[in-house]
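A quick write-up on the structure given underneath.
There are 2 protein chains.
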Amino acid sequence: MIAPRRIDVDVAPMPYGVTIGSGLLASLGERLRADLDPGPCALVTDEGVAATPHADAATDGLRAAGFEPVRVVVPTGEAAKTPRVAGFVWSALAAAGLGRDRCVVAVGGGAVGDLAGFAAATWMRGVDLVHVPTTVLAMADSSVGGKTGVNLSAGKNLVGAFHQPRAVLADVDTLTTLPRRDVASGLAEVVKCAVLADRAALATLSQNAVALLKGAPGPLVDAVSLGVRVKAEIVAADPFERSGRRALLNLGHTTGHALETVTGHGVLRHGEAVAIGLVVAARLAAARGSGPADLVTTLEDLLIALELPIAVPDGVDPEHVVAATALDKKRAAGERRMVLPTLDGAEVVPVTDDALRAALA
Amino acid sequence: MIAPRRIDVDVAPMPYGVTIGSGLLASLGERLRADLDPGPCALVTDEGVAATPHADAATDGLRAAGFEPVRVVVPTGEAAKTPRVAGFVWSALAAAGLGRDRCVVAVGGGAVGDLAGFAAATWMRGVDLVHVPTTVLAMADSSVGGKTGVNLSAGKNLVGAFHQPRAVLADVDTLTTLPRRDVASGLAEVVKCAVLADRAALATLSQNAVALLKGAPGPLVDAVSLGVRVKAEIVAADPFERSGRRALLNLGHTTGHALETVTGHGVLRHGEAVAIGLVVAARLAAARGSGPADLVTTLEDLLIALELPIAVPDGVDPEHVVAATALDKKRAAGERRMVLPTLDGAEVVPVTDDALRAALA
């Protein structure tokens, strides 16, 4: 039995705790009673998670403490993140008679969390939200920080709200049903956080790489906790993404997003694209002498151990990637700005086409 | 020329000003430049307002100061407050390429403000919002306080967000095209605020009743300012409707909402139902000895002068009204609680069926 970790996210007006552990679902309701009144609530999950034992375990864990969850099942993956599905959830909350003093519990990956979070943010002008993430990506990244939203055909996350959860409960036991490739992909965000944190964190991840991919609970709790700790600190400093501090979380994402766009959705997992983006960022930093010289090698070795890609896939024209990042460039008034690792964290700096071209090669 | 009034709404993290005056639209953009950068913005209005000179005046006023408004026209009245129309506005904002640092300007009555406010609250997780109310109700009530939202078939305002505007500009010249009945209806909320404020405010309204219905700018600026001042104070004390303080704004609304439900939408204007509700509340307070004894007569005289109803319309069974308020009762754990006037404000107290029956008679 691994003792659960608790990491506090210090945001106004209501700080909240992220609990990371193994076997937490059985006590889900009991753990929530510190912050929330039992009684009716909504449990939003997707078809994929509903087919695993986790949705039932969460339901039982809520009932055991007097919560009365009404289950709302949405499509799996990004298909859930649409205004139409948000409308479906609102109708379900209306049918359940969910009052202002009730809560929405999101059980699933990042897409379910984003959708359910948006529904909670907008139901009766905002009700309490609990995240029960069931993927590494959702545990270490998307369930913390208060970003919620849905996509439009014009772009991802164009509609949404900042709505911090009242609590996050990450039970690594739910990762047992997650495909190995998705575990690895989620760990790419943890690697990003390790780069933002310190070299010791990277070393620990390297030591645990095999155990992480095997789903060992202890190393998974450690890895998720690292991601949450780094993200919590940055979110607390910049809850509404205004000061620029939160932009550091985009390390690896300029190239990553461009790769996702260029390859088309579904070819690369988000984390796989980020993994390549991390290597590119480390190369850019090394080339300008502002980052640790050995970081490129360290990162490449770690990502390979985590079965993640480290180079632009065959058949992808680097020029298309350069062009795709230029779309970001326009937004920031004429120059491409990227997050690059430094000796003790990261910084946002301008990056020329030529420099990016060299790093992508 | 009447000097504009400015009333500050002291909410965190960003207080804002409500400017009330005559001839403000021409300088709309100039006035906004204190808080907002010029450039592209969205101007959301409805078909009714688009057919008046006010939408063009607002557009010209914005352009004169370097704003580039893209007009988004929605259906008139409550028909605008649906998830479907919100989706239409989001699509229009996407088509306009409206960025996170841009703003939405709502030009219209309460429905346009609620819808456009919801769109602004949720566009890219929240962009700046400016209210340019064109009805008395929107000026004195709905444009201040940050409530935004849309209706579902299951109920009004079930979906929404708290999103305070960056600025409110109420130009009473826009009321010249408003039907007299709508001017009177909006003034019912001002009467409510006068009851919450003091007896001098009621006396001033009585003196100005004829001028107000004639659309005299000076008295209208005074009346709107009174409503905004009272609402701003309460909103600043309870921005998210949590402490109970904001509930005082429901004076007259328990009976009012019940009357709207019982008579069906469109029979009574909202303000007309509230006018009757104010008299009922004053009678209840007088009957229990907690309110000013002469308030019933004072209120009745004022409301009659404002061409507003003071009694339940013929053909409406008071028992249906009692039953309809009992729906509210359920929500508040078993007893009907109503806002009743006191000697110097208002209070929330339990009200029995019999007491309400007597006051409705």
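If you read the sequences in order, they're chains A and B. 48 is the number that the numbering used here gives to position 45 of the first sequence; each next residue is one higher, with no gaps. 66 is the number that the numbering used here gives to position 63 of the second sequence; each next residue is one higher, with no gaps. Where a beta carbon is used, it is the ideal one built from N, C-alpha and C, also for glycine.
Here B:A364 has P321 as same chain residues with Cβ atoms under 8 Å from its own Cβ, once five neighbours each way along the sequence are excluded. One Cα belongs to B:P7, the other to B:T266, and the distance between them is close to 39 Å. Flagged as an interface residue toward chain B: A:R128, by a C-beta distance shorter than 8 Å.
With respect to B:A362, B:A290 sits close: the two C-beta atoms are nearer than 8 Å.
A:P86 has its alpha-carbon roughly 33 Å from the corresponding atom of A:G24. The C-alpha of B:D347 lies about 19 Å from the C-alpha of B:A278. Of the residues assessed, A:K195 falls on the buried side of the cut-off, its CB having 16 or more other CB atoms within 10 angstroms. Rounded to whole angstroms, the gap between the alpha carbons of A:V162 and B:R202 is 46 Å. Scanning A:V354, A:L190, A:V213 and A:V92 for the CA closest to the CA of A:S228 turns up A:L190. Interface annotation, B:L155: in contact with chain A, CB-CB separation under 8 Å.
Using beta-carbon distances, B:S94 counts as an interface residue toward chain A, with a partner under 8 Å. Along the stretch 160-188 of chain B, going in chain order, the ones with a CB nearer than 7 Å to a CB of chain A are L161, V162, G163, A164 and F165. A straight line joining the alpha-carbon of B:A197 with that of B:T345 spans about 12 Å. Between A:V135 and A:L31, the gap from beta carbon to beta carbon is short of 8 Å.
Within the stretch 204-257 of chain B, the alpha helix (DSSP H) runs of at least 4 residues that lie entirely inside it are, in chain order, 220-240. Using a C-beta cut-off of 8 Å, the stretch 110-118 of chain A makes contact with the stretch 128-142 of chain A, since at least three inter-stretch Cβ pairs fall below that distance. Within 10 angstroms of the beta-carbon of A:I307 lie fewer than 16 other beta-carbons, which makes it exposed. Looking at the backbone, the Cα of A:V193 and that of A:L205 are separated by about 9 Å. If you draw a straight line from the Cα of B:T55 to the Cα of A:V92, it is about 38 Å long. The stretch 43-60 of chain A and the stretch 93-107 of chain A touch, with no fewer than 3 CB-CB distances between them shorter than 8 Å.
For B:T301, the uninterrupted alpha helix (DSSP H) segment begins and ends at L298 to A308.
Residue nearest to B:V147 within the set B:V342, B:V12 and B:T301 is B:V12 (criterion: CA-CA distance).
Contact with chain A is absent for B:A226, since none of that chain's Cβ atoms lies less than 8 Å from the residue's Cβ. The C-alpha of A:A58 lies about 7 Å from the C-alpha of A:V110.
The stretch 149-166 of chain A makes contact with the stretch 118-133 of chain A, as at least three CB pairs between them are under 8 Å. For B:P86, the neighbours in chain A by C-beta distance under 8 Å run, in chain order, P86, A89, G90 and W93. When rounded, the separation of the alpha-carbon atoms in B:N253 and B:V342 is 7 Å.
For B:G152, the nearest CB of chain A lies under 8 Å from its own CB, placing it at the interface with that chain. Counting along the chain, B:G42 sits inside the beta strand (DSSP E) bounded by residues G42 to D49. Setting aside the 5 residues that flank it on each side, B:P312 is surrounded in the same chain by E275, A278 and I279, each with a C-beta closer than 7 Å to its C-beta; the list follows chain order. DSSP, reduced to helix, strand and coil, places A:A314 outside both helices and strands of the structure shown, so it counts as coil. Cβ-Cβ distances below 8 Å link A:K234 to A143, D144, V147, G148, C196 and L252 in the same chain, with the five nearest sequence neighbours on each side left out; the list follows chain order.
Neighbours of A:T257 in chain B, taken as residues whose beta carbon is under 8 Å from its own, are absent, since the nearest beta carbon is some 17 Å off. Contacts between A:G274 and chain B, judged by CB atoms closer than 9 Å, are missing: the closest CB pair is about 23 Å apart. Counting C-beta atoms within 10 angstroms of its own C-beta, A:P353 has fewer than 16 neighbours from the protein chains shown and is therefore classed as exposed.
Secondary structure note for B:P56: its alpha helix (DSSP H) is the uninterrupted segment P56 to R66.
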